[in-house]
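Note sheet for the following structure.
Protein chains: 2
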Amino acid sequence: MRVHVRLKGSIMEQVSVNLSHGGTQSVFTHQSEATGTPMTFSAFVPAHERGARLPVIWYLSGLTCSHANVTEKGEFRRLCAQLGLIFIAPDTSPRGDGVADDDAYDFGKGAGFYVDATQEPWRRHYQMRRYIENELPDLVAGHLPVDMDRQGITGHSMGGHGALTIALRNPGRFRSVSAFSPIVSPIHCPWGEKALGGYLGADRDAWRTYDACALIEDGARLPDLLVDQGEADNFLESQLKTHLLTELCEKVGQPANIRMQPGYDHSYYFISTFVDDHLRWHAERLGKSAR
Amino acid sequence: MRVHVRLKGSIMEQVSVNLSHGGTQSVFTHQSEATGTPMTFSAFVPAHERGARLPVIWYLSGLTCSHANVTEKGEFRRLCAQLGLIFIAPDTSPRGDGVADDDAYDFGKGAGFYVDATQEPWRRHYQMRRYIENELPDLVAGHLPVDMDRQGITGHSMGGHGALTIALRNPGRFRSVSAFSPIVSPIHCPWGEKALGGYLGADRDAWRTYDACALIEDGARLPDLLVDQGEADNFLESQLKTHLLTELCEKVGQPANIRMQPGYDHSYYFISTFVDDHLRWHAERLGKSAR
Numbered sequence: 486m487r488v489h490v491r492l493k494g495s496i497m498e499q500v501s502v503n504l505s506h507g508g509t510q511s512v513f514t515h516q517s518e519a520t521g522t523p524m525t526f527s528a529f530v531p532a533h534e535r536g537a538r539l540p541v542i543w544y545l546s547g548l549t550c551s552h553a554n555v556t557e558k559g560e561f562r563r564l565c566a567q568l569g570l571i572f573i574a575p576d577t578s579p580r581g582d583g584v585a586d587d588d589a590y591d592f593g594k595g596a597g598f599y600v601d602a603t604q605e606p607w608r609r610h611y612q613m614r615r616y617i618e619n620e621l622p623d624l625v626a627g628h629l630p631v632d633m634d635r636q637g638i639t640g641h642s643m644g645g646h647g648a649l650t651i652a653l654r655n656p657g658r659f660r661s662v663s664a665f666s667p668i669v670s671p672i673h674c675p676w677g678e679k680a681l682g683g684y685l686g687a688d689r690d691a692w693r694t695y696d697a698c699a700l701i702e703d704g705a706r707l708p709d710l711l712v713d714q715g716e717a718d719n720f721l722e723s724q725l726k727t728h729l730l731t732e733l734c735e736k737v738g739q740p741a742n743i744r745m746q747p748g749y750d751h752s753y754y755f756i757s758t759f760v761d762d763h764l765r766w767h768a769e770r771l772g773k774s775a776r
Numbered sequence: 486m487r488v489h490v491r492l493k494g495s496i497m498e499q500v501s502v503n504l505s506h507g508g509t510q511s512v513f514t515h516q517s518e519a520t521g522t523p524m525t526f527s528a529f530v531p532a533h534e535r536g537a538r539l540p541v542i543w544y545l546s547g548l549t550c551s552h553a554n555v556t557e558k559g560e561f562r563r564l565c566a567q568l569g570l571i572f573i574a575p576d577t578s579p580r581g582d583g584v585a586d587d588d589a590y591d592f593g594k595g596a597g598f599y600v601d602a603t604q605e606p607w608r609r610h611y612q613m614r615r616y617i618e619n620e621l622p623d624l625v626a627g628h629l630p631v632d633m634d635r636q637g638i639t640g641h642s643m644g645g646h647g648a649l650t651i652a653l654r655n656p657g658r659f660r661s662v663s664a665f666s667p668i669v670s671p672i673h674c675p676w677g678e679k680a681l682g683g684y685l686g687a688d689r690d691a692w693r694t695y696d697a698c699a700l701i702e703d704g705a706r707l708p709d710l711l712v713d714q715g716e717a718d719n720f721l722e723s724q725l726k727t728h729l730l731t732e733l734c735e736k737v738g739q740p741a742n743i744r745m746q747p748g749y750d751h752s753y754y755f756i757s758t759f760v761d762d763h764l765r766w767h768a769e770r771l772g773k774s775a776r
């Protein structure tokens, strides 16, 4: 067993660590400058040679989730260990007593939508874009044995939206992009209209930088794309609207492998079924690890 | 997708079903005659040809668990689907408002210890031996496509104790037996002394039929045995005492592969690391499925 998690000073605290599949599954907390709150994330680091730097997959979770859901139910460790992939799962919003919230499951805590809020009372802490795009990568790069030239990003539902929009806004940063049941166009669904309207205000032009389809329409491109979507997903027609992305990719020539999976729903039973395909797909694009 | 879960009458109710790895992960409830309460269990049934009957693995959970822990965190479905194994996970005790309980985590609800209680106030509902040994197998045989001539049993911690003792008391029923971090001799540890004393009374002779080491000392044998035990398990020295089983198997010539795993703890991060080894081990002994 090799554990090379160096914690410099007290910037981030290792809350727990469990040996699993020969690697270490850790949970870390740290004080975030972006959100002004403590933030928690999990990191799986496969066994590796001392000094090696491994490719990293960022996994963004969906509504109501924290880092814990995919960490417990995602079934990613076996293949990450085999392929030599570090797997990072952040939280979905700021947390804590002083953080504004909403009674609904789809707004407020657990529903940060990976945006930088501009509206009161959200803008003080709901700065999840800056946190995921800038602060967390810097922190992880400084503390874990990641090769930041080999990054992939994925996510589920609201986190699929996050993965697609972050990749589209940061061309060249991610060699591989995939998503499970993503919200492909928040501008065009009730979850998205509520969240973007609440966090960003009524000016819908400001929403387009947080909408994968709008970003593609406005000229952004991905290197390639893998999407899995269950056909028995209760949210497919009303919220996810995969066909909008499929049609747009065809129209503009964006390479994409968007797979509709008969009988599968929106749950981790679906995600864990196809996570191996996604991890292999990322690993192929991220190149061999140094293990 | 083929789902062949036939529910005759209203004997058992399908609470949920999710397609996963091509098979169905279901949760069922039914009124138990043994416990006098509703009981819940989960069942994963791989995709299979109509009319086929598949080998079945019984997984007994540990203290504080319900059917849900292994169902969510066990990472067994991928390989069960591939090997054609049905995987059944029962609850660890009777539940409900009218069921006697104790404030401790290691006695009462969630801690049935797979015994038939003889003492008040436990004996009315805490009849987990009869439930797991007789009632649940009959129910499952009548409703799911299991081949009852090809049964394997395993479990974790208290459930490892359950798996070993049930297999030892029922020679010939299980072609394959394994355990993760089992309590190998409840007679010789605080968890076991509390539970067996509480459920069965002070006469320690009555405890021996619920103690794997005592059963082996008294002449019972297993066809073979696979055990994995983490060396960083906090409960190893005080409660699990794996060495008692290792030494006894050597002494009496009981075939056993008892593996000490450096760095691993008592959690599902450990179980999920080695579940593939156990499933392959069972599948080899249960023979080819009819898929």
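Quick mapping for you: the protein sequence lines, in order, are chains X and D.
Just so we're aligned: the first sequence equals residues 486 to 776 in my numbering.
Just so we're aligned: the second sequence equals residues 486 to 776 in my numbering.
Even for Gly, the Cβ is constructed at its ideal location relative to N, Cα and C.
Asked, Found
"Measure from the C-beta of residue 503 (chain D) to each C-beta in chain X and report whether the shortest distance is under 8 Å.", "yes"
"Quick one: is residue 599 (chain D) near chain X, going by C-beta distance under 8 Å?", "no"
"Which of the three DSSP states is assigned to residue 716 (chain D) in this structure?", "coil"
"Thinking just about the alpha-carbon of each residue, which of D:567, D:704, D:558 is nearest to the one in residue 734 (chain D)?", "D:704"
"The ligand NAD heavy atoms versus the CB of residue 690 (chain D): any closer than 7 Å?", "This structure lacks the ligand NAD; in fact it carries no ligand of any kind."
"For residue 762 (chain X), collect the residues of the same chain with a Cβ closer than 7 Å to its Cβ; drop the 5 residues on either side in sequence, then sort them by chain order.", "none"
"Three Cβ pairs or more, each shorter than 8 Å: is that satisfied between the stretch 679-691 of chain X and the stretch 591-603 of chain X?", "yes"
"May I have the straight-line CA-CA distance separating residue 709 (chain X) from residue 560 (chain X), to the nearest angstrom?", "24 Å"
"The beta strand (DSSP E) spanning residue 543 (chain D) covers which residue range?", "539-545"
"In terms of alpha-carbon separation, which member of D:728, D:636, D:630, D:526 lies closest to residue 533 (chain D)?", "D:630"
"When the cut-off is 8 Å and only beta carbons count, does residue 766 (chain D) lie next to chain X?", "no"
"So, with DSSP's three-state summary, where would you put residue 592 (chain D)?", "coil"
"Give me the residue from D:772, D:766, D:755, D:765 with the minimum Cα distance to residue 462 (chain X).", "In the structure displayed, chain X extends from 486 to 776; residue 462 (chain X) sits before or after that span and is not available."
"Could you tell me whether the Cβ atoms of residue 661 (chain D) and residue 637 (chain D) are closer together than 8 Å?", "yes"
"Secondary structure at residue 573 (chain D), three-state DSSP: helix, strand or coil?", "strand"
"If you draw a straight line from the C-alpha of residue 751 (chain X) to the C-alpha of residue 502 (chain D), how long is it?", "12 Å"
"Are the CB atoms of residue 649 (chain X) and residue 664 (chain X) within a distance shorter than 8 Å?", "yes"
"Going along chain X, which residues have a C-beta under 8 Å from residue 510 (chain D)?", "754"
"Please identify the residue among X:740, X:721, X:612, X:724 whose C-alpha is closest to the C-alpha of residue 522 (chain X).", "X:612"
"At the level of alpha carbons, what is the spacing between residue 757 (chain D) and residue 505 (chain X)?", "8 Å"
"Which whole-angstrom value describes the C-beta separation of residue 725 (chain D) and residue 714 (chain D), a residue pair presumed to lie in contact below a C-beta threshold of 8 Å?", "7 Å"
"Could you tell me if residue 520 (chain D) is buried or exposed, where buried requires 16 or more neighbouring beta carbons within 10 angstroms of its beta carbon?", "buried"
"Which of the three DSSP states is assigned to residue 638 (chain D) in this structure?", "strand"
"Identify whether residue 746 (chain X) lies in helix, strand or coil by the three-state DSSP scheme.", "strand"
"Put residue 526 (chain X) into one of helix, strand or coil per three-state DSSP.", "strand"
"Name the two residues that bound the continuous beta strand (DSSP E) containing residue 500 (chain X).", "497-505"
"Do residue 552 (chain D) and residue 575 (chain D) have their CB atoms nearer than 8 Å?", "yes"
"Using a Cβ cut-off of 7 Å, pull out every chain D residue sitting near residue 506 (chain X), in sequence order please.", "758"
"Are any of the Cβ atoms in chain D nearer than 8 Å to that of residue 749 (chain X)?", "yes"
"Could you give the DSSP three-state label for residue 548 (chain X): helix, strand or coil?", "coil"
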